[in-house]
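**Q**
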Amino acid sequence: MATVNLRDFPDQLHREAKAKAALMGISLKDLVVKVVERFLEEEKKREKKGGK
75 MATVNLRDFP
85 DQLHREAKAK
95 AALMGISLKD
105 LVVKVVERFL
115 EEEKKREKKG
125 GK
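Just so we're aligned: 125 in my numbering is position 51 of the sequence shown, and the numbers increase by one with no gaps anywhere.
1) Taking the straight line between their C-alpha atoms, what separation do you get for Gly-99 and Leu-105?
2) Threshold first: 4 residues or longer. Then list the alpha helix (DSSP H) segments lying entirely within the segment 80 to 124, N to C.
3) Give every residue of the same chain whose Cβ lies closer than 7 Å to the Cβ of Val-110, excluding the five residues on either side of it in the sequence, and list them in chain order.
4) Alpha carbon to alpha carbon, how far is Lys-92 from Arg-112?
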């Protein structure tokens, strides 16, 4: 599995994402993975429809 480090990530976004993950009972890493997976799924759907 790859290691990803983010620099200059907005503090407020980090706090909100970390809090949301905690409320969901998952790690911040798992939340980020879910968000990226959903983004990629939506992009695939758009590409199939011929849009960008």
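Where a beta carbon is used, it is the ideal one built from N, C-alpha and C, also for glycine. None of the values given here were measured: they were computed from a predicted structure.
**A** Reading off the structure:
1) 10 Å
2) Runs of the alpha helix (DSSP H) lying entirely within the segment 80 to 124, each at least 4 residues long, are 85 to 98 and 102 to 122 in chain order.
3) none
4) Lys-92 and Arg-112 have their C-alpha atoms roughly 18 Å apart.
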